[in-house]
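In case it helps, my numbering puts the sequence shown at residues 324 to 921.
All residues carry an ideal CB built from backbone N, CA and C; glycine is no exception.
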Amino acid sequence: MNESRLLRGIGVSPGMAWAPALVIRLDFPDVPDRTVEDSEVENEVARLHAAVRFVSGNLNALRERVLERAGVEESRIFDAQIMMAQDPDFLASVEQLIRKNRFAAETAYEFKALELRQMFSGSGSMQLRERLADLNAIQMRMIYRLLGKKDEDPWAIAPDEHAIVVAHELSPGLTVQLDREHVVGLLSEEGTRTAHAAILAHSLGIPAVMGVAGALDRVRNGMMILLDGQSGNVLLDPTPEELDAAKTRVSRRQRFEMQLESVVDKPAVTPDGVTITLMGNVDLPDEIDAAVRFGAEGVGLLRTEFLLNGRTSMPTEDEQTDYFRRVASAFPHHTVIIRSYDLGGDKFPAAFSAPSEPNPFLGWRSIRVCLDHPEFFRDQLRAILRAAYGRDVQLMLPLITSVDEVLRVREMLGEEAAALRRAGVRSAETVPVGVMIETPAAVVIADRLAEVSDFFSVGTNDLTQYTLAVDRGNARLVDRFLPHHPSMVRQLRSILAAGSAAGLPVSVCGEMASEPLDALLLMGLGYRRLSVAPPALPTVKWLVRAVPAPEAAAAAETALAAQHPAGVLDVMRELAGRHADLRLLDPEGNVARPLMGR
Numbered sequence: 324m325n326e327s328r329l330l331r332g333i334g335v336s337p338g339m340a341w342a343p344a345l346v347i348r349l350d351f352p353d354v355p356d357r358t359v360e361d362s363e364v365e366n367e368v369a370r371l372h373a374a375v376r377f378v379s380g381n382l383n384a385l386r387e388r389v390l391e392r393a394g395v396e397e398s399r400i401f402d403a404q405i406m407m408a409q410d411p412d413f414l415a416s417v418e419q420l421i422r423k424n425r426f427a428a429e430t431a432y433e434f435k436a437l438e439l440r441q442m443f444s445g446s447g448s449m450q451l452r453e454r455l456a457d458l459n460a461i462q463m464r465m466i467y468r469l470l471g472k473k474d475e476d477p478w479a480i481a482p483d484e485h486a487i488v489v490a491h492e493l494s495p496g497l498t499v500q501l502d503r504e505h506v507v508g509l510l511s512e513e514g515t516r517t518a519h520a521a522i523l524a525h526s527l528g529i530p531a532v533m534g535v536a537g538a539l540d541r542v543r544n545g546m547m548i549l550l551d552g553q554s555g556n557v558l559l560d561p562t563p564e565e566l567d568a569a570k571t572r573v574s575r576r577q578r579f580e581m582q583l584e585s586v587v588d589k590p591a592v593t594p595d596g597v598t599i600t601l602m603g604n605v606d607l608p609d610e611i612d613a614a615v616r617f618g619a620e621g622v623g624l625l626r627t628e629f630l631l632n633g634r635t636s637m638p639t640e641d642e643q644t645d646y647f648r649r650v651a652s653a654f655p656h657h658t659v660i661i662r663s664y665d666l667g668g669d670k671f672p673a674a675f676s677a678p679s680e681p682n683p684f685l686g687w688r689s690i691r692v693c694l695d696h697p698e699f700f701r702d703q704l705r706a707i708l709r710a711a712y713g714r715d716v717q718l719m720l721p722l723i724t725s726v727d728e729v730l731r732v733r734e735m736l737g738e739e740a741a742a743l744r745r746a747g748v749r750s751a752e753t754v755p756v757g758v759m760i761e762t763p764a765a766v767v768i769a770d771r772l773a774e775v776s777d778f779f780s781v782g783t784n785d786l787t788q789y790t791l792a793v794d795r796g797n798a799r800l801v802d803r804f805l806p807h808h809p810s811m812v813r814q815l816r817s818i819l820a821a822g823s824a825a826g827l828p829v830s831v832c833g834e835m836a837s838e839p840l841d842a843l844l845l846m847g848l849g850y851r852r853l854s855v856a857p858p859a860l861p862t863v864k865w866l867v868r869a870v871p872a873p874e875a876a877a878a879a880e881t882a883l884a885a886q887h888p889a890g891v892l893d894v895m896r897e898l899a900g901r902h903a904d905l906r907l908l909d910p911e912g913n914v915a916r917p918l919m920g921r
């Protein structure tokens with residue numbers, strides 16, 4: 324393959340697509356500097372609010388469409404957009420400009436909108452920068468309406484033939500309005516896996532790659548594109564042979580799915596009888612059913628941040644209790660591990676006042692936020708205790724870097740259990756408290772953390788990021804974000820040794836456990852509990868059932884001596900190749916993850 328034709332980004336929605344490019348450039352229309360007479364000022368204010376009502380109605384219609392096509396949680400994205408469109412402080416500042424300077428509504432709105440866009444784009448908060456696409460889309464709709472461009476809808480993209488839409492950035496509104504019959508893929512220069520458009524693309528089953536720097540300079544309208552929404556690779560002007568190879572891979576993946584269906588209901592046991600417990604990671608409610616369907620033995624990571632999506636207030640104790648009970652009821656004979664709020668970094672919701680930080684991933688986030696705001700953290704602890712009554716529910720703490728943080732949570736948990744008991748509320752006396760090992764600091768003091776913990780779970784996403792000093796959301800560094808780096812392999816062995824010495828269960832819940840070759844490496848290192856993204860469960864189980872544990876252990880020992888990441892993968896690929904069909908390996912060296920459950 325000619326590297327000059329290869330673009331790399333972040334795969335945000337799996338699947339392969341090939342079609343001519345449809346390049347769209349959504350630019351703000353020119354807004355004239357127009358003033359009005361004193362007698363027209365109130366009419367301009369009225370026009371402003373009429374446009375707000377129109378745009379809000381339009382966004383609500385999109386919300387209903389998403390509710391029907393994707394689900395409740397995804398539809399909340401538009402609740403947040405409507406809140407943006409109706410922001411009383413922003414609209415008051417526009418009104419003031421109209422009245423004070425006698426600006427026309429569109430002139431005043433564009434003036435203030437530009438100020439807000441500059442604030443978002445220059446913010447140190449990744450959450451604000453990622454919401455810039457939402458803000459741009461809302462403001463563009465408003466300006467189009469105020470300029471009277473009623474018959475021009477730049478979001479109505481309906482190509483006559485199959486096409487891959489290429490843009491600088493994709494908003495949720497654009498994503499959901501796409502003509503699904505003909506738009507087969509999405510490519511953008513901006514965005515990461517947590518962008519709202521990425522979430523919607525994944526829910527709607529549209530293959531998508533984001534964060535492709537310079538895409539608009541390289542891609543011409545009508546150029547044939549081959550896009551892989553799993554690896555993040557985009558090939559320009561693919562040859563007939565390359566297209567045939569892609570079609571063969573898709574066909575092979577479809578046949579592979581048929582093999583996987585036969586192992587879903589079987590235990591994850593190696594040929595020599597070693598049992599590997601495969602749990603599921605659950606981010607959104609619709610993943611509960613997927614985890615059950617693909618045979619998850621409980622939930623090893625229940626993320627709770629979605630509870631704040633699109634909300635202007637924190638979720639109540641009752642709302643959280645109901646949700647936690649719902650998940651636990653789906654796995655009546657298995658453990659459900661709830662991770663406390665992992666806010667901050669790229670995940671500050673609208674309901675929470677986010678500080679502006681130059682480096683949010685090294686700032687105020689995760690357990691630090693919870694301990695600094697016990698008023699909402701205690702609500703979550705009470706909800707977990709109530710949900711744990713008669714159920715196997717456990718609590719996991721993210722980004723722990725000191726023993727004191729664990730002790731403070733245990734003290735708060737005991738206080739809330741006593742308060743619930745005094746109030747006569749049915750709840751568990753306590754729950755097991757575990758630690759996510761996801762910083763080098765936690766690795767170094769793992770033996771001390773083991774003294775105050777009931778279990779360990781390795782968060783390989785952040786551990787890789789902090790170990791290698793590589794921003795996991797930076798498309799330019801995607802080739803350097805390597806969970807199988809030798810430094811990671813050594814730390815993984817060290818973590819397991821510290822936990823096992825203390826008699827603690829130790830699992831892996833990061834994305835590493837969902838990559839089949841990496842899962843084999845973890846099995847070889849001695850991990851016996853993995854928490855996996857639901858669609859990857861059958862693939863990981865299939866490989867576990869094919870590879871004897873002693874051979875995996877020998878391969879892991881060899882991998883520990885590797886000098887570079889490619890050497891680690893070569894060892895695991897050779898191991899897999901002795902027991903599995905190598906044609907299932909994709910060009911990146913990973914076992915092709917199936918499209919099941921997309």
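Helix or strand or just coil, what does DSSP make of residue i?
i: Ser494; result: coil
i: Gly826; result: coil
i: Arg901; result: helix
i: Asn459; result: helix
i: Val758; result: strand
i: Ser663; result: coil
i: Gly603; result: strand
i: Arg626; result: coil
i: Gly920; result: The pLDDT assigned to Gly920 is 30, lower than 50, so where the model puts this residue is not dependable; a value taken from the coordinates is nonetheless given after this. Coil, per DSSP.
i: Ser327; result: helix
i: Asp540; result: helix
i: Leu892; result: helix
i: Leu390; result: helix
i: Ser652; result: helix
i: Met406; result: helix
i: Ser379; result: helix
i: Gly847; result: helix
What do you reckon, is the C-beta of residue i under 8 Å from a heavy atom of the ligand MN?
i: Gly822; result: Absence of the ligand MN is noted for the structure shown, with no ligands found whatsoever.
Of the choices the options, whose alpha-carbon is the least far from that of residue i?
i: Ile768; options: Glu752, Leu819 and Ala740; result: Leu819
i: Arg376; options: Gln409, Leu390, Ala773 and Met719; result: Gln409
i: Ala585; options: Glu360, Leu892, Leu860 and Asp727; result: According to the sequence shown, residue 585 is Ser rather than Ala. Residue Leu860 is the option with its Cα nearest to Ser585.
i: Pro857; options: Asp609, Thr358 and Leu382; result: Asp609
i: Leu883; options: Gln441, Gly849 and Lys864; result: Gly849
i: Val775; options: Pro806, Pro763, Val793 and Ala825; result: Ala825
i: Phe617; options: Leu630, Gly596 and Val587; result: Val587
i: Pro563; options: Phe804, Trp341 and Ser810; result: Trp341
i: Cys832; options: Val692, Asp645, Leu805 and Leu786; result: Leu786
i: His656; options: Ala746, Ala711 and Asp567; result: Ala711
i: Pro721; options: Cys693, Leu470 and Asn381; result: Cys693
i: Asp665; options: Trp687, Thr658, Asp645 and Glu640; result: Trp687
So who's on the other strand from residue i, going by DSSP bridges?
i: Gly508; result: Ile487
i: Thr598; result: Val592
i: Asp361; result: Asp361 is not bridged to any residue.
i: Gly334; result: Val532
i: Ser854; result: Met602
i: Val831; result: Val781 and Leu853
i: Asn556; result: Arg331
i: Asp551; result: Met339
Residue range of the alpha helix (DSSP H) that residue i falls in?
i: Pro343; result: Careful: Pro343 lies outside any alpha helix (DSSP H), inside the beta strand (DSSP E) at Met339 to Val346.
i: Asn784; result: Thr783 to Leu791
i: Gln703; result: Pro697 to Ala710
i: Met546; result: That residue, Met546, is in no alpha helix (DSSP H); it is neither H nor E in DSSP.
i: Val726; result: Val726 to Arg745
i: Leu470; result: First-last for Leu470: undefined, no H or E at that position.
i: Thr753; result: That residue, Thr753, is in no alpha helix (DSSP H); it is neither H nor E in DSSP.
Tell me, to the nearest whole angstrom, how far the beta carbon of residue i is from that of residue j; I am working on the premise that it is less than 8 Å.
i: Gln717; j: Val754; result: 6 Å
i: Pro343; j: Ala486; result: 6 Å
i: Ile625; j: Val650; result: At residue 625 the sequence reads Leu, which differs from the Ile that was named. Yes, they are in contact, since the Cβ atoms of Leu625 and Val650 sit about 6 Å apart, within 8 Å.
i: Ile599; j: Val812; result: Not quite, the Cβ-Cβ distance comes to about 18 Å (not below 8 Å), so this is no contact.
i: Leu845; j: Val870; result: With a Cβ gap of about 12 Å, Leu845 and Val870 do not count as contacting.
i: Leu854; j: Gly603; result: The sequence as given places Ser at residue 854; Leu does not occur at that position. Indeed they touch by this definition, with Cβ atoms about 7 Å apart.
i: Gly514; j: Ile529; result: Going by Cβ atoms, the distance from Gly514 to Ile529 rounds to 13 Å, so no, they are not a contact pair.
i: Asp356; j: Arg425; result: Actually they are not in contact, since the Cβ atoms of Asp356 and Arg425 sit about 12 Å apart, beyond 8 Å.
i: Gly621; j: Val659; result: 6 Å
Considering just the uninterrupted stretch of the beta strand (DSSP E) at residue i, what are its terminal residues?
i: Met581; result: Per DSSP, Met581 belongs to no beta strand (DSSP E); it is in the alpha helix (DSSP H), Pro563 to Glu584.
i: Asn424; result: Run containing Asn424: none in the beta strand (DSSP E); it sits in the alpha helix (DSSP H), Pro411 to Asn424.
i: Met719; result: Val716 to Leu720
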